[in-house]
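Engineer: Below is the structure I would like to discuss, written out as structure tokens.
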Amino acid sequence: MDWEDIRLGSPGGWNTWGIEQDFDGDIRLYLNGDLAREASDSERRYVGKGTYAGVYATSNEYLGAEPWFDYFQISPINP
1 MDWEDIRLGS
11 PGGWNTWGIE
21 QDFDGDIRLY
31 LNGDLAREAS
41 DSERRYVGKG
51 TYAGVYATSN
61 EYLGAEPWFD
71 YFQISPINP
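FYI, the numbering for the sequence shown is 1 to 79, going by our numbering.
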């Protein structure tokens, strides 16, 4: 996915993020239920190579943002 700002639905409130990864390499990022970005990793460099997942957040150091992570759920897309 290109480095590009994603407009938050509620910058000072609660937002729900979702990430879907297909075994064919397609990756989708959702914000509050709406598709925010799509990417493809057809060489499967990141999808299906292991059992690890991670979360990372950053902000402008002068804005004083304080991201909170609460409740993670990992499940198959097509059980």
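Heads up, the beta-carbon is just placed ideally off N, CA and C, and yes, glycines get one too. This structure is a prediction, so every number in the text was calculated from the model and none was measured.
Kindly indicate the opening and closing residues of the beta strand (DSSP E) around residue 17.
Structural biologist: Here the beta strand (DSSP E) through residue 17 covers 17-21.
Engineer: May I ask you to report which of helix, strand or coil DSSP gives residue 27?
Structural biologist: Reduced to three states, the DSSP call for residue 27 is strand.
Engineer: Measure the beta-carbon distance from residue 35 to residue 17 and round it to whole angstroms, keeping in mind my assumption that it falls under 8 Å.
Structural biologist: Not a contact, Cβ separation roughly 12 Å.
Engineer: Measuring straight from C-alpha to C-alpha, what distance separates residue 81 and residue 43?
Structural biologist: Here the chain covers residues 1 to 79 and nothing more, so residue 81 does not appear.
Engineer: Measure the alpha-carbon distance for residue 40 versus residue 24 and round it to whole angstroms.
Structural biologist: Approximately 8 Å between the Cα atoms of the pair.
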